[in-house]
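Read the structure below first, then the notes.
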Amino acid sequence: MAGNVRPVADERDGLLTFLARQRYVLRLAARGLSDAQARLTPTRSALSIGGLVKHVTSAERRWMAAVRGSPADGEDVADFVVGQGETLSEVLTAYDSAASETEEIVAGIPDLGRPVRVPWLPDEVDAWTVRWVLLHLIEETARHAGHADILREHIDGATAVPLMAAAEGWPVRPWLNPRSPSG
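Numbering-wise, the numbering used here puts -10 at position 3 of the sequence shown, and it's gapless, one number per residue.
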């Protein structure tokens, strides 16, 4: 089932598996890029692929801190910028670490309906739930994976499905030519 999420066993497995899939698609946009390419902002926005990965890493860690009961500060503009002293490899390693932390935290929570309170809650909401947080992380990651796909296409013409096909060794098809990072 190339390109699809595997069958899931239950709600927790489904939420974590779909989140992992969106992380993977976001990472594909960075596949084969140099540090300089990962910093490029090739559209009218100030977004870069490396910056998007860094941002979702920070967002996921902030939400998991809230799930643990110790909410971190809100979003910072620096979350979207890969500094000159940072490498894409370091940004991706931090993302993998955040993903592992999320899976470990969620595995230890018996009830996904457990309330999660954060300082940035709207007035009309008493609390989110762990379930809601995971759905929000899926949404946030998918949104930024789409942004990253557009940025990657502007950088070198590559898009998610051909990059995925190359990463996973799919055969050439009349409708699909796997795209290695070098083109």
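We treat Cβ as the ideally placed atom computed from N, Cα and C, and that holds for glycine.
Nothing here was measured: the structure is a model prediction, and the numbers come from that model.
Going by DSSP in three states, residue i sits in which element: helix, strand or coil?
i: W119; result: helix
i: L124; result: helix
i: M(-12); result: Note that M(-12) scores 45 on pLDDT, short of 50, meaning its location in the model is unreliable; the coordinates nonetheless yield the value given after this. If DSSP states are grouped into helix, strand and coil, M(-12) belongs with coil.
i: R166; result: coil
i: R(-7); result: coil
i: R130; result: helix
Check for me: the alpha helix (DSSP H) holding residue i runs from which residue to which?
i: L2; result: E(-2) to A17
Counting contacts by CB-CB distance shorter than 8 Å, is residue i in contact with chain B?
i: V112; result: The structure shown contains no chain B; it holds only a single protein chain.
Residues in the same chain with beta-carbon distance under 8 Å from residue i, minus the five sequence neighbours each way, listed in chain order, please.
i: A173; result: In this structure the chain extends from -12 to 170, so residue 173 is not present and cannot be described.
i: P109; result: none
i: T30; result: I137, L138 and H141
i: S167; result: G19 and A153
Apart from the five residues on each side of it in sequence, which residues of its chain come closer than 7 Å, Cβ to Cβ, to residue i?
i: M172; result: With the chain represented from -12 up to 170, any question about residue 172 goes unanswered, as that position is not in the structure.
i: T28; result: L34 and S35
i: F5; result: V(-8) and I125
i: N164; result: P149
i: T74; result: D22
i: T116; result: L99, G100, R101, P102 and V103
For my contact list, residue i and residue j are in at a C-beta cut-off of 8 Å; report their separation, rounded to the angstrom.
i: R(-7); j: T128; result: No, R(-7) and T128 are not in contact; Cβ-Cβ is about 18 Å, not under 8 Å.
i: V68; j: G100; result: Not really, about 36 Å apart at Cβ, beyond 8 Å.
i: A23; j: A135; result: About 16 Å; that fails the 8 Å criterion.
i: L13; j: L121; result: Their Cβ separation, rounded to whole angstroms, is 16 Å, which puts L13 and L121 out of contact at 8 Å.
i: V105; j: A65; result: No, V105 and A65 are not in contact; Cβ-Cβ is about 20 Å, not under 8 Å.
Please work out which residues of its chain come closer than 6 Å, Cβ to Cβ, to residue i, disregarding the five sequence neighbours upstream and downstream, and give them in chain order.
i: R26; result: S35, G37 and V69
i: A85; result: T44, E47 and R48
i: M(-12); result: Annotation note: pLDDT 45 at M(-12) (below 50); position unreliable, no value reported.
Runs of alpha helix (DSSP H) lying entirely within the segment 27 to 100, each at least 4 residues, in chain order: 36 to 54 and 75 to 94
Run through the segment 133 to 157 for me and flag every whole alpha helix (DSSP H) of 4 or more residues, listed as ranges in chain order. 147 to 155
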